[in-house]
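Here is the structure we will look at, set down as structure tokens.
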Amino acid sequence: MKIIGIYMVLALLTLGMIVSVDMIAGTSLPGSLHSITSVFATTTLQEACCMIGFAGLPVFFAAADLFKSRKPSRK
């Protein structure tokens, strides 16, 4: 679960950086948010599948770690 949390924090920090750079460049907050949403609104089906696939990878790996059998360590 920590990995999913880290990915969420990184995603929020990235979106925050995009918005802050837009605002430093002189774009208003609603304009900056509109530019982010327009990118997602104009994606094709193939691009959306790739984005969903890559966004789902951390969840897949976290679930795989939960169900992986734990082997005793040898000393």
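Start counting at 1 in the sequence shown, then tack on 5, and there's your number in our numbering. Backbone N, C-alpha and C define an ideal beta-carbon position, used for all residues, glycine too. In this text the structure is predicted, and so the values were computed from the model without any measurement.
Nearest candidate by alpha-carbon position, reference residue i, set the options
i	options	result
residue 37	73, 24, 47, 46	24
residue 12	69, 71, 61	61
Cβ-Cβ separation, residue j to residue i (assumed contact under 8 Å), whole Å
i	j	result
residue 41	residue 15	Residue 41 to residue 15, Cβ: 16 Å. No contact.
residue 64	residue 29	Wrong, their Cβ atoms sit about 33 Å apart, outside the cutoff.
Cut-off 8 Å between Cβ atoms - residues of its own chain near residue i, not counting five sequence neighbours on either side
i	result
residue 32	40
Check your understanding: Can you give, in chain order, each stretch of the alpha helix (DSSP H) that sits fully within the region 35-77 and has at least 4 residues?
Key -> 50-72, all fully within the region 35-77.
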